[in-house]
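Written below as C-alpha cells is the structure these notes are about.
There are 2 protein chains.
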Amino acid sequence: MPSIQSPQRNQLLAGLSRQEADRIYPHLKLVSLPLGKVLYEPGDPQGSVYFPTDCIVSLLYVLEDGASAEIAVVGNEGLIGISLFMGGETTPSRAVVQSAGHAYRLLGPLLKEEFYRSGDMQLLLLRYTQSLITQMAQTAVCNRHHSVDQQLCRWLLLSLDRLEGNVLSMTQELIANMLGVRREGVTEAAGRLQKLGVIRYSRGRIAVLKREKLEALCCECYAVVKKETDRLRTFSSL
Amino acid sequence: MPSIQSPQRNQLLAGLSRQEADRIYPHLKLVSLPLGKVLYEPGDPQGSVYFPTDCIVSLLYVLEDGASAEIAVVGNEGLIGISLFMGGETTPSRAVVQSAGHAYRLLGPLLKEEFYRSGDMQLLLLRYTQSLITQMAQTAVCNRHHSVDQQLCRWLLLSLDRLEGNVLSMTQELIANMLGVRREGVTEAAGRLQKLGVIRYSRGRIAVLKREKLEALCCECYAVVKKETDRLRTFSSL
DNA sequence: AATTCTCTGTGCGAAGGCGTACATAGGAGG
DNA sequence: CCTCCTATGTACGCCTTCGCACAGAGAATT
Numbered sequence: 001m002p003s004i005q006s007p008q009r010n011q012l013l014a015g016l017s018r019q020e021a022d023r024i025y026p027h028l029k030l031v032s033l034p035l036g037k038v039l040y041e042p043g044d045p046q047g048s049v050y051f052p053t054d055c056i057v058s059l060l061y062v063l064e065d066g067a068s069a070e071i072a073v074v075g076n077e078g079l080i081g082i083s084l085f086m087g088g089e090t091t092p093s094r095a096v097v098q099s100a101g102h103a104y105r106l107l108g109p110l111l112k113e114e115f116y117r118s119g120d121m122q123l124l125l126l127r128y129t130q131s132l133i134t135q136m137a138q139t140a141v142c143n144r145h146h147s148v149d150q151q152l153c154r155w156l157l158l159s160l161d162r163l164e165g166n167v168l169s170m171t172q173e174l175i176a177n178m179l180g181v182r183r184e185g186v187t188e189a190a191g192r193l194q195k196l197g198v199i200r201y202s203r204g205r206i207a208v209l210k211r212e213k214l215e216a217l218c219c220e221c222y223a224v225v226k227k228e229t230d231r232l233r234t235f236s237s238l
Numbered sequence: 239m240p241s242i243q244s245p246q247r248n249q250l251l252a253g254l255s256r257q258e259a260d261r262i263y264p265h266l267k268l269v270s271l272p273l274g275k276v277l278y279e280p281g282d283p284q285g286s287v288y289f290p291t292d293c294i295v296s297l298l299y300v301l302e303d304g305a306s307a308e309i310a311v312v313g314n315e316g317l318i319g320i321s322l323f324m325g326g327e328t329t330p331s332r333a334v335v336q337s338a339g340h341a342y343r344l345l346g347p348l349l350k351e352e353f354y355r356s357g358d359m360q361l362l363l364l365r366y367t368q369s370l371i372t373q374m375a376q377t378a379v380c381n382r383h384h385s386v387d388q389q390l391c392r393w394l395l396l397s398l399d400r401l402e403g404n405v406l407s408m409t410q411e412l413i414a415n416m417l418g419v420r421r422e423g424v425t426e427a428a429g430r431l432q433k434l435g436v437i438r439y440s441r442g443r444i445a446v447l448k449r450e451k452l453e454a455l456c457c458e459c460y461a462v463v464k465k466e467t468d469r470l471r472t473f474s475s476l
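Taken in sequence, the protein lines are chains Z and W.
The opening position of the first sequence corresponds to residue 1 in our numbering, with each subsequent residue numbered one higher.
The opening position of the second sequence corresponds to residue 239 in our numbering, with each subsequent residue numbered one higher.
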C-alpha cells in the first residue's frame with residue numbers, strides 16, 4: 001500500500017520532456033489525500049492543481065436539495081484543477097477524494113507559467129481535458145439511458161482502472177452518492193453481481209473476481225470512454 | 239429572418255483583438271446550415287471549425303442501439319469543433335444543426351495556427367471550452383435527477399437564449415431525440431406547459447409566451463449554466 | 001460480554017417513464 | 001374535395017426506481 005512515490009507515477013508528469021520535468025519537478029509537493037478530503041468546493045478559486053499517483057478523485061456535482069452525481073473520475077492519468085489553465089479559475093463542481101492515496105501538488109501560477117510556454121505540457125493538459133470531456137459526455141448519456149446495474153459495472157471498472165489490485169474500499173452508501181441513486185439500489189445491484197460471482201464484498205470492501213464478466217455486463221459507456229482515453233493519451237504529439 | 243451576417247455576430251469572433259481579426263476574418267467563409275445538417279460524425283477528422291451566428295447546433299451522442307442524448311448546445315456564443323485545438327482531432331459525438339441559420343467556417347490549420355500564437359484567441363477558446371464543460375456536467379446531473387417536464391423547460395430556455403424572437407421551429411419528435419426521452423413524454427410535458435399558458439405550439443412551431451414562468455418551472459440547471467457561461471464570457475482576460 | 005454504531009439486506013406502495021397501439025388534426029398535393 | 005402524410009394527443013400495462021421503514025449482521029467500543 002505505501003508504495004514508492006514519484007512524479008513519474010502520474011502519467012501527465014511522466015509525459016513531460018526532460019527540460020520541462022527539470023523545471024517542474026522541483027516545485028511539486030507530495031501530499032497525502034485521505035478518503036473524503038475535499039480538494040475544492042464549487043466556486044473556490046483553485047490555487048493549486050493535483051496530480052494523483054495512487055488515489056482517485058471524483059468530480060461531483062451537488063444540487064440545491066442535496067442530491068448529487070458524479071461527473072467524472074480522475075486517477076493517475078490526469079489532474080485536478082483544469083479550470084486553472086482553462087481560464088475560468090473556478091468551477092461549479094466539487095472534487096472529493098474517493099479512494100485515499102497521494103498526489104503531487106503544484107501551485108497555480110507555476111502551472112500557468114508552464115502551460116503558456118506552449119510546450120508538451122500544454123499539449124498533454126489539453127488532450128487530457130478532452131478525454132475528461134468525453135467521460136463527462138458519456139456520463140450524461142449513461143445517466144439517461146442505462147440501468148443502475150449497468151452503471152454500477154461502469155463505475156467499478158472506471159475505479160478499478162485507477163487502482164492497483166482488484167479491491168475497492170467503498171461503502172455502498174458512497175457509491176450511491178457517486179451514481180446519484182439510492183443506497184438500496186446499489187445494494188440490490190451489488191447483490192445481483194455477487195450472486196453471479198462477479199464480485200464479493202462486505203462492509204466497504206469490494207473484491208472484483210471476474211473482470212471480464214463485469215465488462216460483459218456493462219453498457220458500452222465504459223468501453224467508449226476507455227478507448228477514447230487511451231487514444232488521447234497515446235496520441236503522437238502531431 | 240435573413241438578417242445581415244457578419245463575423246461580429248459570433249461572440250468569439252467579436253472578442254478578438256484588432257490584429258487577430260485582421261488575420262482571421264479574411265479566411266472565414268459564410269456557410270448556410272439547414273436543419274438537420276451534420277457538421278461531423280463521431281470519429282470524423284474535423285477539418286474545419288464553425289462559428290455560428292444565427293443557428294443552433296446540438297452536440298449529440300448516439301448509442302449503439304440508436305438511442306440518443308444531447309450533450310450540449312452551441313449558438314453564437316461558441317464554436318463547433320473544439321477537438322481541433324484540444325488536440326484530439328476527433329470526438330465520439332455528432333454535431334447536428336438544430337435550428338437552421340448561418341455560421342462562419344474556418345479551416346483547421348488556420349485555427350490551430352492562431353490558437354498556438356497564445357493570444358486572445360486562445361484565451362477565448364479555452365474559456366468557452368470550460369463553459370461547454372459546465373454545460374455538459376449539468377446535463378449529466380439533470381439527466382439523473384430531474385423530470386422530463388423540468389428538462390423540457392431547460393431545453394426551451396437554452397434554445398431561446400440562442401435565437402432572436404420567442405419562436406422555436408422544432409417538432410416534439412426532435413426535442414424528444416435531444417432530451418433522449420419518448421416523443422409522448424414531450425407531448426405530455428408540452429401539453430402541461432400549454433395548459434399553463436406558458437407556451438403555445440402547433441406542428442413544429444413553439445411560441446414561448448411567458449418566459450419568466452418557464453424559468454420558474456425549470457430546475458436550477460438552466461440558471462447554473464447560464465450564470466457560469468456569462469461569467470466565463472465576460473471574465474477579464476487576467 | 002454487552003452495547004453501540006455502521007453497513008447491508010429486504011419489503012412494501014407510489015410515481016415516473018417506457019413501449020405499444022391507436023386516434024385525431026392540420027397541411028400539402030392531387 | 002379527397003387523400004395522404006406528418007405532427008400531436010391519449011390510453012394502458014409494465015418495469016425501474018424512489019421513498020420509507022425496519023431487520024439483521026459485522027465491527028468497534030466499553
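We put the beta carbon where it would ideally sit given N, CA and C, even for glycine.
The model shown is predicted, which means the values in this text are computed figures rather than measured ones.
* Locate the beta strand (DSSP E) running through Arg256/W, then write down its first and last residues. => In the second sequence, residue 256/W corresponds to position 18, counting from 1. Where Arg256/W is concerned, there is no enclosing beta strand (DSSP E), although the alpha helix (DSSP H) it sits in stretches over Arg256 to Ile262.
* Using the beta-carbon of each residue, which ones in chain Z are nearer than 7 Å to Ile309/W? -> Translated into the one-based positions of the second sequence, residue 309/W becomes position 71. Within 7 Å Cβ-Cβ: Ala137 and Ala140.
* **Close beta carbons around Leu476/W, own chain, < 6 Å, minus the five adjacent residues each side** => The residue labelled residue 476/W in the question sits at position 238 within the second sequence. Any reading at Leu476/W must be qualified, since the residue scores a pLDDT of 43, below 50, and its modelled position is unreliable; the value itself is stated next. Excluding residues within five positions, none has a Cβ falling inside 6 Å.
* To do: Can you tell me the Cβ-Cβ gap for Leu301/W and Glu308/W, rounded? I've got them flagged as a contact below 8 Å.
  => Position 63 of the second sequence, counted from the first residue, corresponds to residue 301/W. Position 70 of the second sequence, counted from the first residue, corresponds to residue 308/W. Incorrect: roughly 13 Å between the Cβ atoms, too far for contact.
* Asked: Which ranges does the beta strand (DSSP E) cover as unbroken runs of at least 3 residues, wholly within the stretch 35–96 of chain Z, from first to last along the chain?
  -> 38–40, 48–52, 56–62 and 68–74
* What three-state label does DSSP hand Ser440/W in the structure shown? -> Start at 1 with the first residue of the second sequence, and residue 440/W comes out as number 202. Of the three classes helix, strand and coil, the one that applies to Ser440/W here is strand, per DSSP.
* Give a yes or no on whether the minimum CB-CB distance between Ile371/W and chain Z is below 9 Å. => As a working mapping, residue 371/W is identified with position 133 in the second sequence. Yes, its Cβ sits closer than 9 Å to a Cβ of chain Z.
* To do: Could you have a look at Ala100/Z and say whether DSSP puts it in helix, strand or coil?
  => As a first step, residue 100/Z is located in the first sequence; it is residue number 100 there, counting from the start. Correct three-state label for Ala100/Z: coil.
* For Val57/Z, which of Met178/Z, Gln130/Z and Gly185/Z has the nearest alpha-carbon? -> The residue labelled residue 57/Z in the question sits at position 57 within the first sequence. With distances taken between Cα atoms, Val57/Z lies closest to Met178/Z.
* Asked: Can you find a CB in chain Z that lies within less than 9 Å of the CB of Gly182/W?
  -> Absent from the structure is residue 182/W, since the part of chain W shown begins at 239 and ends at 476.
* **Endpoints, the alpha helix (DSSP H) within which Ser407/W is located** => Counting from one through the second sequence, the residue named residue 407/W turns up at place 169. From DSSP, Ser407/W is part of no alpha helix (DSSP H) but of the beta strand (DSSP E) over Val405 to Ser407.
* Asked: Name the chain W residues that come within less than 9 Å of Glu41/Z, Cβ to Cβ?
  -> Taking the first residue of the first sequence as 1, we reach residue 41/Z at position 41. By Cβ distance, chain W contributes nothing, its closest Cβ being about 15 Å from Glu41/Z, past 9 Å.
* To do: Give the residues from the stretch 74–102 of chain Z that approach chain W closer than 9 Å (Cβ to any Cβ), ordered along the chain.
  => Ile82, Ser83, Phe85, Met86, Gly87, Gly88, Glu89, Thr90, Thr91, Pro92 and Ser93
* Alpha carbon to alpha carbon, how far is Ile24/Z from Thr234/Z? -> Stepping through the first sequence from its first residue, residue 24/Z is reached at position 24. Stepping through the first sequence from its first residue, residue 234/Z is reached at position 234. The alpha-carbon atoms of Ile24/Z and Thr234/Z are separated by roughly 22 Å.
* **chain Z contact for Tyr354/W (CB, 9 Å cutoff)** => Within the second sequence, residue 354/W is the residue found at index 116, counting from 1. Closer than 9 Å: yes.
* Report yes or no: is there a C-beta of chain Z within less than 9 Å of the C-beta of Gln249/W? => Reading the second sequence from its first residue, position 11 is the one you call residue 249/W. Cβ-Cβ to chain Z under 9 Å: no for Gln249/W.
* **Residue of Gly319/W, Glu453/W, Leu390/W and Ala428/W minimising C-alpha distance to Leu370/W** => Position 132 of the second sequence, counted from the start, is the residue given in the question as residue 370/W. Per the Cα distances, Gly319/W.
* In chain order, what residues of the same chain have a beta carbon less than 6 Å from the beta carbon of Pro290/W, not counting five sequence neighbours either side? -> As a first step, residue 290/W is located in the second sequence; it is residue number 52 there, counting from the start. Same-chain partners within the cutoff: Gly313, Asn314 and Ala341.
* Asked: Where do the N-terminal and C-terminal ends of the alpha helix (DSSP H) with Lys448/W fall, by residue?
  -> For this step, residue 448/W is matched to residue 210 along the second sequence. Counting along the chain, Lys448/W falls outside any alpha helix (DSSP H), and DSSP gives it neither H nor E.
* To do: Would you identify the three-state DSSP class for Ser270/W, choosing helix, strand or coil?
  => Numbered from its first residue, the second sequence carries residue 270/W at position 32. DSSP places Ser270/W in strand when its eight states are reduced to three.
* Asked: Using the beta-carbon of each residue, which ones in chain W are nearer than 8 Å to Gly180/Z?
  -> Looking up residue 180/Z in the first sequence gives position 180. Those are Val379, Arg382 and His383, listed as they occur along chain W.
* In three-state DSSP terms, what is Leu106/Z? -> In the first sequence, residue 106/Z corresponds to position 106, counting from 1. Here Leu106/Z sits in strand by DSSP.
* **Own chain partners of Met239/W with C-beta closer than 8 Å, once the 5 adjacent residues on each side are dropped** => Counting from 1 along the second sequence, the entry for residue 239/W is found at position 1. Reliability of the predicted coordinates at Met239/W is poor, the pLDDT of 45 falling under 50, and no value is obtained from them.
* Which bits of chain W does Val239/Z rub up against, with CB to CB less than 7 Å? -> For residue 239/Z there is no data in the structure shown, the boundaries of chain Z being 1 and 238.
* Check the Cβ-Cβ distances between Thr524/W and every residue of chain Z, and say whether any is below 9 Å. => Because residue 524/W is not part of the residues shown, which for chain W are 239 to 476, the question remains open.
* To do: Compile a chain-ordered list of the residues in the stretch 188–220 of chain Z whose CB is closer than 9 Å to at least one CB of chain W.
  => Cys219 and Glu220
* **Spatial neighbours of Val424/W in its chain, beta-carbon cut-off 6 Å, leaving aside the 5 residues before and after** => Taking the first residue of the second sequence as position 1, residue 424/W is located at position 186. Around Val424/W: Gln410, Ile413 and Ala414.
* If you run the structure through DSSP and keep just helix, strand and coil, what is Pro7/Z? -> Residue numbering aside, residue 7/Z sits at position 7 when the first sequence is read from its first letter. Reduced to three states, the DSSP call for Pro7/Z is helix.
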